[in-house]
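**Student:**
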Amino acid sequence: MLTAELKVASGLTNEEIAPLLGVSHRSLQTWLAGSPIGARKEARLRAVLDAVRALAAITTQATRARLFDRGAHSVRPYDLLIEGRFDAAVDLATGRRRALPPTERAQNTTVAAQLDRIENAIDTPSGPLNRRLSGPLRR
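Residue 344 in my numbering is what sits at position 85 of the sequence shown, and the numbering runs on without skipping anything.
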C-alpha cells in the first residue's frame, strides 16, 4: 500500500502527509484503511513517494529532519513538495543544484504570487487600480 509506504519512508505523521497529497486528514485515513484512491491523487502520491525515496537518509528520523530543515535557503523541502516542485525539493534536501534555463526560471513563480500581482494592479480606463487601497463596492 503506497500510503503506508510513504508514512514509513518519510517518518511523517498523517497530519503532515495530507497536505503533501492535497487531501484532508480524513481522506488519508480512509486510504490507509484500504479505500480506493482516485487516479489523479494516486499519481500525486507516487510522485511524492518517489521524491521522498530520492531524498531519503539512512534513518526515517534523518529523512524527516531533511524534509523540515530550512538551512540557509529559508524554504523547506517539505514546502516545495506541497507546491509540487519535487525535483527542487530533492535538490534542496540533498544539496544538489541544477541550473535552470532563463525561461524556466522566470516561470518558476508560485500561482499565489502571480495572483497577488494581478489583484494588486488592475488596469482601468482611468488608470491602474490598486485593490488593496480601494474600498469595497457599495450598492
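Ideal Cβ placement from N, Cα and C applies to all residues, glycine included.
Does L261 pass the burial test, meaning 16 or more other C-beta atoms within 10 Å, or should it be called exposed?
**Tutor:** Position 2 of the sequence shown, counted from the first residue, corresponds to residue 261. L261 is exposed by the Cβ-count criterion.
**Student:** Assign F345 to buried or exposed, taking buried as 16 or more other Cβ atoms, counted over all protein chains shown, within 10 Å of its Cβ.
**Tutor:** As a first step, residue 345 must be located in the sequence shown, where it is residue number 86. The residue is buried, with at least 16 neighbouring Cβ atoms inside 10 Å.
**Student:** Give me the Cα-Cα distance between A347 and A277, rounded to the nearest whole angstrom.
**Tutor:** Stepping through the sequence shown from its first residue, residue 347 is reached at position 88. Stepping through the sequence shown from its first residue, residue 277 is reached at position 18. Between A347 and A277, the C-alpha separation is close to 20 Å.
**Student:** Alpha carbon to alpha carbon, how far is L291 from L404? Give it in angstroms, no decimals.
**Tutor:** With the chain running from 260 to 398 in the structure shown, residue 404 is simply not present.
**Student:** So, using beta-carbon positions, are R323 and S269 closer together than 8 Å?
**Tutor:** Reading the sequence shown from its first residue, position 64 is the one you call residue 323. Reading the sequence shown from its first residue, position 10 is the one you call residue 269. Result yes, Cβ atoms of R323 and S269 sit closer than 8 Å.
**Student:** By the three-class DSSP mapping on this structure, what secondary structure does L328 have?
**Tutor:** Taking the first residue of the sequence shown as position 1, residue 328 is located at position 69. A quick correction: the sequence has Asp, not Leu, at residue 328. The answer is coil: DSSP assigns D328 none of H, G, I, E or B.
**Student:** With C-beta atoms as the reference, is V267 less than 8 Å away from A310?
**Tutor:** In the sequence shown, counting from the first residue as 1, residue 267 sits at position 8. In the sequence shown, counting from the first residue as 1, residue 310 sits at position 51. No, the Cβ-Cβ distance between V267 and A310 is not below 8 Å.
**Student:** Measure how close the beta-carbons of L265 and L308 come, nearest whole angstrom, since I'm counting them as under 8 Å.
**Tutor:** On the sequence shown, residue 265 is found 6 positions in, with the first residue counted as 1. On the sequence shown, residue 308 is found 49 positions in, with the first residue counted as 1. The pair is a contact, with the Cβ atoms about 5 Å apart (cut-off 8 Å).
**Student:** Pull up the distance between the alpha-carbon of L279 and that of A263, whole angstroms please.
**Tutor:** On the sequence shown, residue 279 is found 20 positions in, with the first residue counted as 1. On the sequence shown, residue 263 is found 4 positions in, with the first residue counted as 1. C-alpha separation (whole angstroms): 14 Å.
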